[in-house]
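Only one structure is covered here, and it is reproduced in the block below.
Protein chains in written order, with this note's numbering: chain A, 208 to 468; chain B, 121 to 953.
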């Protein structure tokens, strides 16, 4: 099933030469199990996938399908039981905690469902956080461009507690973009938002991909959110079951019904 | 609800362990101090019980003045012994002649130090029942040139039976043969005191007067009780002597020891109080944070129908359980602390008698009660806040402690601080040291109340130093500013300890400077010979001063004596006497009248003393000497009291009224070689001007060492408080730490952030503490200005070192919380609530 439904990029992920379009992140035969003996749970069961540069990919699936685990392993927050994860050409399994932290800081951006921001820092400081952690100056032109794109210019000196939920998520998006990472991972970025704020945030994410050339991988269970993506990958029981290009909300819903989630 | 409380206690073991630790340390220090004090009392009482052997009655001259051990009053006629022997019911009778003697060791050094413990001399009492000493080797002194010395002195001096030994007595040095060694009482424990025991004849010749003895000790025959015996003897002897029962004498001696030890025991208890006080801050802080972190849980309980009182009760129950368990542990640790206090006191060079630890139920109950009460009282306000949590709070997202610093706090804190300063200054004006102390306490509390107001700006300022470290330093600063109340409460505990340490440091430095300056300007001599026997219980042979006066190369000799007396109704252990050379040797400031013409019936008083008591030249002052009352005329009023005390008399007065004549100190102006040559003949140590200053410095250092040691525990408790607060803050910010790790904060940066916050808290506490301590020292010095301690000195280098140490200690306190924060699993941290 995996072999037949996997995306074209998948076949070339393991290959030596760059194929079009190139992948910012790849997993190869990724397996993740928790516990042992009778309590053994398999979260990922031999998943292989590649995430193309400059594309917006949605990972979908019912609860327990392994979609969050896949994202965490891709992002270097968790490690695989077997298989490999590559960010660009870098095999994450070969890195110690310090190098892995640097990869997260310099090459990866994050957007979480909630609690994305450090409460003691202003919006501007939160956006600049990864750069500051690396001891780098933020590129002022790029910073202004990102802030303008996300529409936060007037809120820069506010603390997270002074921002609405939607504004907070936009700051999170801006933070992810500001560092110009190779890839951004978003974990249910609109899960805590009302539909209007959610639409706003998703629109920004899509424009980041299409206008700024950013690569984004997003986990969601919301068909509407997935419809903003260029591609939707479906997981069930730790395996990739379907891969849809240019998904619409209806197509996604259809697929969900078919999986039985 | 009780089940819930217990479940909670078990679930939050770590947090409770930290709270409990503050209670354990406080109670342990309290219990340890009480045990130490009881042990000290018991050991001296056991000495008191054996000072007079098994005497049932003591016949002695009436004693109008409380005398220190070794001091002598009027003596009684030795022939009374024969009269007493004929009294029915009398069994054994022995005369006692006591005084002062020191053995010169094989190395030429004097054994024993009268400044620390008495250096007894006595006649060897033949009656075993009446002899406080017990022969352990050799024989009693069989001739006037033989002595028995105590085994400890023999060990230190390096002598044994048959050895030739030089003994210094009031009559000067003499040569003796050691006939035997003896131990005091049943245990041989004398608390550092030494003993030389002479034949009756030698004792009378060297220590007393011919035909007279200090007292006569009597045992009653079987079946005669002490009251009957006392009554029978009193009928037989003249009315000028008093007959006291053995039990009464022992009780008096116990009371006398209690009086001497009292201030020292209170001194130790003050530090135990400080430790408990600091602990209270920690307990209060921990419970406050705990309540804040559990707001949701409380609200949930309220939402499902728990009443305010039930929530309050649950929190208080938690406090009681913590208080009881921790206090119980504290009692056990307390025994170790008692050993620790003893070790500390020995380490700074004070002698203590050995005695098995006395662990009394009363002391244990007191320490336990204080522990439980302090815990519950400290937890009460946070518990009430828990009860006030509204059910709606269960639905709110974050449960972080309220951080607003109210205007009301500025008012109440400002008022309390101002009141403290006012009381302190009023105390200074009135010269009431108790008021100064009260003002200091109020000021400390005011500063603690105000601390949250200044915490935020202070953290910002201190944080500037950390900014060089980049983002971690900045985040640390923000975190410290985030909840000023928490930062303030944590640092206040440290503030108290540091304030006291700063106070004592500045105070000591100022006294050192003052003394150095005074020595420079007021003392015109070159040398000091100091017996150390400040209470007159020993001293220097008057032959020494006489020899110095005639020695070539010696210009001027001022001998100084001291005795216990009651001056105008007030007991003093040291009424000093000088000879007419005094104003040449010392600058006493402006003098009204003539201090060189006091005579045997005059007294000189200081300006302050004269003003306080309303005395003027020509007035009569009633003075009670150990030998009886005398009326003295005020003949001079002098300005500067620091060398001579608030009043002094002429040596002529002592010559006329007091029996044993010993000099306490001898001040000399003369050639170094000449002075030392003479002093060597008397085996006494000579201090030149530098040595004099060093000796005073040494005494100050000894006091500093003791106080630092005792305050260290308060500081340790406060540092545990810092560690505890930081650990709880880390716990509270788990998710935030997970986020920081996720977006690329390195473990080392996390650690630096956490440690930075602790450094800010510690430096804030240390800085406010230092400021308060400096103010205390300044105020105290103002109060003591009349005694000449007026050179306020800031030991800047020492204070700077303390600030650095505080910062490092703060960072050290955060090592474990920082490590835990750095090791957090990113995903688990992100999922934390």
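We put the beta carbon where it would ideally sit given N, CA and C, even for glycine. These figures come from a predicted structure and were not determined experimentally.
Given a cut-off of 7 Å on the beta-carbon distance, is the pair residue i and residue j in contact?
{"i": "residue 817(B)", "j": "residue 598(B)", "result": "no"}
{"i": "residue 237(B)", "j": "residue 312(B)", "result": "yes"}
{"i": "residue 681(B)", "j": "residue 783(B)", "result": "yes"}
{"i": "residue 322(A)", "j": "residue 855(B)", "result": "yes"}
{"i": "residue 195(B)", "j": "residue 334(B)", "result": "yes"}
{"i": "residue 697(B)", "j": "residue 769(B)", "result": "yes"}
{"i": "residue 626(B)", "j": "residue 897(B)", "result": "yes"}
{"i": "residue 335(A)", "j": "residue 365(A)", "result": "no"}
{"i": "residue 612(B)", "j": "residue 840(B)", "result": "no"}
{"i": "residue 405(B)", "j": "residue 609(B)", "result": "yes"}
{"i": "residue 315(B)", "j": "residue 217(B)", "result": "no"}
{"i": "residue 745(B)", "j": "residue 685(B)", "result": "yes"}
{"i": "residue 526(B)", "j": "residue 650(B)", "result": "no"}
{"i": "residue 337(A)", "j": "residue 864(B)", "result": "yes"}
{"i": "residue 915(B)", "j": "residue 629(B)", "result": "yes"}
Is residue i near the ligand MG, judged by its Cβ being under 6 Å from some heavy atom?
{"i": "residue 937(B)", "result": "The model depicted lacks the ligand MG and carries no ligand whatsoever."}
Using a Cβ cut-off of 7 Å (strictly closer), state whether residue i contacts chain B.
{"i": "residue 396(A)", "result": "no"}
{"i": "residue 442(A)", "result": "no"}
{"i": "residue 339(A)", "result": "yes"}
{"i": "residue 279(A)", "result": "yes"}
{"i": "residue 317(A)", "result": "yes"}
{"i": "residue 261(A)", "result": "no"}
{"i": "residue 271(A)", "result": "no"}
{"i": "residue 350(A)", "result": "no"}
{"i": "residue 401(A)", "result": "no"}
{"i": "residue 384(A)", "result": "no"}
{"i": "residue 336(A)", "result": "yes"}
{"i": "residue 285(A)", "result": "yes"}
{"i": "residue 276(A)", "result": "no"}
{"i": "residue 342(A)", "result": "yes"}
{"i": "residue 327(A)", "result": "yes"}
{"i": "residue 392(A)", "result": "no"}
{"i": "residue 322(A)", "result": "yes"}
Checking contacts by CB at 7 Å: is residue i closer than that to chain A?
{"i": "residue 400(B)", "result": "no"}
{"i": "residue 815(B)", "result": "no"}
{"i": "residue 946(B)", "result": "yes"}
Where DSSP assigns a beta bridge to residue i, which residues make up the other side?
{"i": "residue 741(B)", "result": "752(B)"}
{"i": "residue 391(A)", "result": "316(A) and 423(A)"}
{"i": "residue 363(B)", "result": "179(B)"}
{"i": "residue 252(A)", "result": "238(A)"}
{"i": "residue 293(B)", "result": "288(B)"}
{"i": "residue 253(B)", "result": "304(B)"}
{"i": "residue 807(B)", "result": "648(B)"}
{"i": "residue 758(B)", "result": "711(B) and 726(B)"}
Is there a Cβ of chain D sitting closer than 7 Å to that of residue i, yes or no?
{"i": "residue 295(A)", "result": "The structure shown contains no chain D; its protein chains are A and B."}
Q: With 7 Å as the C-beta to C-beta threshold (strictly closer), list the residues of the region 567-601 of chain B near chain A in chain order.
A: For the region 567-601 of chain B, the residues whose beta carbon sits under 7 Å from a beta carbon of chain A are, in order, 590, 591, 595, 598 and 599.
Q. Are there three or more Cβ pairs, one per stretch, closer than 8 Å when the region 221-232 of chain B is compared with the region 370-378 of chain B?
A. no
Q | Selection of the region 830-864 of chain B by Cβ proximity to chain A, strictly under 8 Å | A | 855, 856, 859, 860, 861, 862, 863 and 864
(Q) I'd like to know if the region 841-853 of chain B and the region 263-272 of chain B are in contact, where contact means that at least 3 CB-CB pairs between them fall below 8 Å. (A) no
Q. In chain order, what residues of the region 426-453 of chain A put their CB closer than 7 Å to some CB of chain B?
A. none
Q.
I'd like to know if the region 450-463 of chain A and the region 296-308 of chain A are in contact, where contact means that at least 3 CB-CB pairs between them fall below 8 Å.
A. Taking a cut-off of 8 Å on C-beta distances, the region 450-463 of chain A does not touch the region 296-308 of chain A, as fewer than three cross pairs fall below it.
Q. Taking contact to mean at least 3 C-beta pairs separated by less than 8 Å, is the region 281-288 of chain A in contact with the region 303-320 of chain A?
A. yes
**Q.** Short-range partners of chain A found in the region 404-437 of chain B, where Cβ spacing is below 7 Å
**A.** none
Q.
Using a Cβ distance threshold of 8 Å, determine whether the region 713-729 of chain B contacts the region 757-764 of chain B, with at least three qualifying pairs required.
A. Under the Cβ criterion (8 Å, minimum of three pairs), the region 713-729 of chain B counts as touching the region 757-764 of chain B.
Q: Note down, in chain order, all residues in the region 301-317 of chain A with a beta-carbon under 9 Å from any beta-carbon belonging to chain B.
A: Along the region 301-317 of chain A, going in chain order, the ones with a CB nearer than 9 Å to a CB of chain B are 304, 305, 308, 309, 310, 311, 312, 313, 315, 316 and 317.
**Q.** Validate contact between the region 408-419 of chain A and the region 431-438 of chain A using beta carbons, cut 8 Å, 3 pairs
**A.** yes
Q | Residues, ordered as in the chain, of the region 864-894 of chain B that lie near chain A by beta-carbon distance below 7 Å | A | 864, 865, 866, 867 and 869
Q) For the 8 Å Cβ check, are there 3 or more pairs between the region 294-307 of chain B and the region 149-157 of chain B? A) no
Q. Is the region 363-379 of chain A touching the region 394-404 of chain A, taking contact as three or more C-beta pairs under 8 Å?
A. yes
Q) Closer than 8 Å, Cβ to any Cβ of chain A: which residues of the region 613-624 of chain B, in chain order? A) none
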